[in-house]
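Position 76 of the sequence shown, counting from 1, maps to 76 under the UniProt record's numbering, and the rest follow consecutively. Every residue gets a Cβ at the ideal spot worked out from N, C-alpha and C, and that includes glycine. A quick note: this is a predicted structure, and the numbers were derived from the prediction, not measured.
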Amino acid sequence: MRIISIQGSGSSATLESDHADRPEPKSGEVLIAVTAAGVNRADLMQRQGLYPPPPGASEILGMEVSGTIAELGDGVDGFSVGDEVCALLAGGGYAEYVATPAGQVLPKPTGVDLVEAAGLPEVAATVYSNLFMAADLQPDELVLLHGGASGIGTHAIQLTHALGARIAVTAGSKRKLDFCAELGATTTINYNDQDFVDVVGELGGADVILDIMGAKYLDRNVSALADSGRLVIIGMQGGASAELNIGALLKKRGSVAATNLRGRPVDGPIGKSAVIAGVRDHTWPLVEAGRVRPIIDRTYPLDQARQAHQHLEDSAAIGKVLLTL
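And the structure:
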């Protein structure tokens, strides 16, 4: 099968069109003939040698795909060969075929194009697991979303808007902020000339913050929390190490959680299968009703993976970047 491989580590120039053996589905897995694959920041980090796949996972890039089930492993119920699906992966998406546990597979939502469906699994699982499972976001609470125009951000705006939460977002351009407002953001903050701590403080502080920056924003995020606020860190674009002001956190009776989706076990109460089950129950009905939709910035053929990575790195995208086969 055709794949994209990494030759060394570093820039997007390390990505090469290549071939590998087609995987065979193990017990409890399905084999998917891939139609499209999502391109994520984690892929860029893996390409740079900063984010290796979990033990036993494919070394091939790609953490989400859409496509058609080509084969079922032993013991798989609820799916049939020929079903149109999308799936969350630990790796292997930049390929013509990928095998993944059936618990991480979702039916393609009614009303969503099969290519566009590739832009849903990772953002839907990330947002649901962090804002709802970890932070227990409630209606009328204020959520602050850093990187509001990203794939995660655009999905989170729509989902939290449907919940009835108030939404503040940060982004670096008027174009991105205007788009976030169209999706349902109630407060938009340009991080180039506004301090999100001041803006959110005028609103009483954020009940929940979903953060992709990590170290760079840690102190200011704590300052921006409301009483009993919850900070959930899901990325390290601004560094991995910072000093936590425990006194400030205690004063607010706040909490800080750092979570990652890729390294979770398949099964168990916080496993990927449980997350996907929650997405299917809570998010998929909103997608099928048209209240939450995949936001796709651009698609590239698989053999243009270099260009896709560069486009995402340039931070010009609004929503998801996809590879198509």
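Restricting to Cα atoms, I'd like to know which of the options is closest to residue i.
i: alanine 134; options: Asp74, Ser9, Ile233, Ala70; result: Ile233
i: serine 173; options: Asp281, Thr126, Ser150, Asp18; result: Ser150
i: glycine 153; options: Asp314, Gly28, Ile167; result: Ile167
i: valine 256; options: Ala248, Gly111, Arg262; result: Ala248
i: isoleucine 276; options: Thr187, Lys108, Ser27; result: Lys108
i: glycine 82; options: Thr35, Pro54, Val39, Pro55; result: Thr35
i: isoleucine 270; options: Arg47, Ile318, Asn130; result: Asn130
i: threonine 259; options: Val127, Leu50, Gly49; result: Val127
i: glutamate 202; options: Ala224, Leu89, Ile212, Val208; result: Ala224
i: proline 121; options: Val105, Val112, Met45, Gly111; result: Val105
i: threonine 68; options: Ala242, Val76, Ala87; result: Ala87
i: alanine 240; options: Ile246, Ile212, Asp227, Gly205; result: Ile212
i: residue 331; options: Phe179, Val143, Thr188, Glu59; result: Missing from the structure shown is residue 331; the chain here goes from 1 to 325 and no further.
i: histidine 161; options: Leu302, Glu16, Arg293; result: Arg293
i: alanine 45; options: Leu159, Glu96, Lys252, Arg262; result: Reading off the sequence shown, one finds methionine at residue 45, where the question assumed alanine. Ranking Leu159, Glu96, Lys252, Arg262 by Cα distance to methionine 45 puts Arg262 first.
i: aspartate 303; options: Pro53, Thr324, Arg22; result: Thr324
i: proline 301; options: Glu96, Ala20, Arg264, Gly319; result: Glu96
i: arginine 22; options: Thr188, Asp281, Ala13, Ser58; result: Ser58
i: glycine 210; options: Ile318, Asp314, Leu231; result: According to the sequence displayed, residue 210 carries leucine and not glycine. Answer by Cα proximity: Leu231.
i: valine 208; options: Asn192, Val143, Arg264; result: Val143
i: glycine 227; options: Ala242, Glu243, Gly235, Val200; result: Note on residue identity: the sequence assigns aspartate, not glycine, to residue 227. Residue Val200 is the option with its Cα nearest to aspartate 227.
i: aspartate 281; options: Phe132, Thr299, Thr14; result: Phe132
Check whether the Cβ atoms of residue i and residue j lie closer than 8 Å to each other.
i: alanine 165; j: leucine 137; result: yes
i: aspartate 18; j: serine 9; result: no
i: alanine 117; j: serine 80; result: no
i: isoleucine 157; j: leucine 177; result: no
i: glycine 214; j: glycine 238; result: yes
i: valine 279; j: alanine 125; result: yes
i: histidine 155; j: threonine 170; result: no
i: glutamate 64; j: glycine 111; result: no
i: lysine 26; j: alanine 90; result: no
i: proline 139; j: leucine 114; result: no
i: lysine 252; j: glycine 229; result: yes
i: alanine 13; j: methionine 1; result: no
Within 10 angstroms of its Cβ, does residue i collect 16 or more other Cβ (buried), or is it exposed?
i: arginine 175; result: exposed
i: aspartate 297; result: buried
i: aspartate 43; result: buried
i: isoleucine 3; result: buried
i: glutamate 141; result: buried
i: lysine 272; result: buried
i: aspartate 267; result: exposed
i: proline 55; result: exposed
i: alanine 37; result: buried
i: leucine 50; result: exposed
i: proline 53; result: buried
i: asparagine 40; result: buried
i: glycine 148; result: buried
i: alanine 242; result: exposed
Between residue i and the ligand HEM, is there a pair consisting of the residue's CB and a ligand heavy atom that are separated by less than 7 Å?
i: aspartate 21; result: As far as ligands go, the structure on display features none, and thus does not contain the ligand HEM.
Give me whichever residues DSSP pairs with residue i in a beta bridge.
i: serine 66; result: Ala36, Cys86
i: alanine 118; result: The partner list for alanine 118 (beta bridge, DSSP) is empty, contrary to what the question assumes.
i: isoleucine 189; result: Thr170
i: lysine 252; result: Beta-bridge pairing links lysine 252 to no other residue.
i: glycine 49; result: DSSP output for glycine 49 lists no bridge partner at all.
i: isoleucine 233; result: Asp211, Ala258
i: valine 98; result: Ile32
inquiry  = Pairs of beta-carbons, one from the region 305-314 and one from the region 279-294, closer than 8 Å: are there three or more?
reply    = no
message = Using a Cβ distance threshold of 8 Å, determine whether the region 72-87 contacts the region 27-41, with at least three qualifying pairs required.
response = yes
task = Could you say if the region 211-228 and the region 188-201 meet the contact criterion of at least three C-beta pairs nearer than 8 Å?
result = yes
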